[in-house]
Amino acid sequence: GGRGPRGSEPARMKQIALRTAIAALCWCSVAAAARADATAGVQTKIDGALKGAKSFVVRTQYPAQAYSSTLVYVAPDRSRLAVAIAANTTDVVTIGGTIYSSKNGAPFERAALSPDPNARVAPLGSVKVDAIRADVKIGGVAYGAFETTLPLGTAVTLTCAYDKKSFRLARCVNHDVTRTYESYDDSQNVVEAPANFVEAPKEIKQ
12 GGRGPRGSEP ARMKQIALRT AIAALCWCSV AAAARADATA GVQTKIDGAL KGAKSFVVRT
72 QYPAQAYSST LVYVAPDRSR LAVAIAANTT DVVTIGGTIY SSKNGAPFER AALSPDPNAR
132 VAPLGSVKVD AIRADVKIGG VAYGAFETTL PLGTAVTLTC AYDKKSFRLA RCVNHDVTRT
192 YESYDDSQNV VEAPANFVEA PKEIKQ
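Under the numbering used here, the first residue of the sequence shown is numbered 12, with each subsequent residue one higher.
Following this line, the structure appears as structure tokens:
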């Protein structure tokens with residue numbers, strides 16, 4: 012009933028260390044899978060909240076790049092996006108399968124939207140949930156949070172906050188950029204076709 016040879020102790024410790032390392036690796040894999048599931052779940056709910064809204068307004072300010080934009084969405088298929096970058100402006104109105112666009116104050120041009128459904132996979136105003144973050148407080152209220160990246164001239168990383176019950180986005184911010192989501196389901200959100208427009212030139216087929 013005595014103890015085994017002394018040489019077996021280092022071997023036993025190696026086995027324990029190996030089992031611990033394997034367990035840690037498995038736990039990390041499980042944790043990574045759980046994080047991926049949580050991220051996908053939040054993405055689905057946030058996209059669903061945007062799709063389910065009757066209307067909303069998204070405002071983005073990026074003063075360092077002289078960038079600002081306002082998106083007005085009215086369900087099911089109306090939107091207006093006005094973008095200003097320094098002295099350049101773009102105004103795009105979408106109603107059903109028709110798009111009206113104007114650059115730098117020029118007359119609106121009307122054209123048919125591409126029928127490609129892949130062009131409209133993401134809901135208007137949606138952002139990609141890159142990683143879940145700890146809750147943040149806005150006005151003393153806890154909001155869920157995640158990290159996202161927006162292509163605003165350059166890739167910009169922001170922390171977005173969303174209502175933990177409705178999953179409606181509230182804001183996405185960093186020290187340079189502020190994007191706010193507001194006026195959900197407000198009857199004053201209206202998108203109409205421009206009063207004056209011209210037909211966009213047809214593509215010349217060879």
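Where is the CB? At the ideal position from N, CA and C, for every residue including glycine.
Rounded to a whole number of angstroms, what is the C-alpha to C-alpha distance between residue i and residue j?
{"i": "Val300", "j": "Val202", "result": "Outside the modelled stretch of the chain, which goes from 12 to 217, sits residue 300, for which no answer is possible."}
{"i": "Ile143", "j": "Thr168", "result": "13 Å"}
{"i": "Ala60", "j": "Thr81", "result": "19 Å"}
{"i": "Val85", "j": "Gly151", "result": "30 Å"}
{"i": "Val53", "j": "Leu163", "result": "23 Å"}
{"i": "Ala172", "j": "Pro21", "result": "51 Å"}
{"i": "Thr109", "j": "Gly136", "result": "19 Å"}
{"i": "Arg30", "j": "Ala49", "result": "28 Å"}
{"i": "Asn200", "j": "Ala145", "result": "32 Å"}
{"i": "Gln76", "j": "Ile106", "result": "30 Å"}
{"i": "Ser79", "j": "Lys114", "result": "15 Å"}
{"i": "Phe157", "j": "Gly63", "result": "21 Å"}
{"i": "Phe67", "j": "Lys25", "result": "60 Å"}
{"i": "Phe178", "j": "Thr159", "result": "16 Å"}
{"i": "Lys213", "j": "His186", "result": "44 Å"}
{"i": "Pro205", "j": "Leu180", "result": "29 Å"}
{"i": "Arg91", "j": "Asp197", "result": "15 Å"}
{"i": "Ile57", "j": "Pro118", "result": "36 Å"}
May I ask you to list the residues that DSSP assigns as paired with residue i?
{"i": "Lys222", "result": "Nothing can be reported for residue 222, as the shown portion of the chain is limited to 12 through 217."}
{"i": "Phe208", "result": "Phe119"}
{"i": "Arg190", "result": "Thr71 and Cys183"}
{"i": "Ala142", "result": "Glu158"}
{"i": "Val173", "result": "A small fix is needed here, since residue 173 is Tyr in this sequence, not Val. BP columns for Tyr173 point to Gly155 and Leu180."}
{"i": "Val167", "result": "Leu161"}
Might you give, ordered along the chain, the residues of its own chain that have their beta carbon closer than 7 Å to the beta carbon of residue i, omitting 5 neighbours on each side?
{"i": "Ala211", "result": "Glu120, Arg121 and Ala122"}
Within its chain, find whatever has a CB closer than 6 Å to the CB of residue i; leave out the 5 residues flanking it on each side and keep chain order.
{"i": "Pro74", "result": "none"}
{"i": "Arg89", "result": "Ile106 and Val202"}
If I measure Cβ to Cβ from residue i and keep anything under 8 Å in the same chain, skipping five residues before and after, which residues do I get?
{"i": "Ser125", "result": "none"}
{"i": "Ala153", "result": "Asp146, Val147 and Lys175"}
{"i": "Arg182", "result": "Ile149, Cys171, Ala172, Thr189, Arg190, Thr191 and Tyr192"}
request  = Tell me the start and end of each unbroken alpha helix (DSSP H) in the segment 45-124 that is at least 4 residues and wholly inside, in chain order.
outcome  = none
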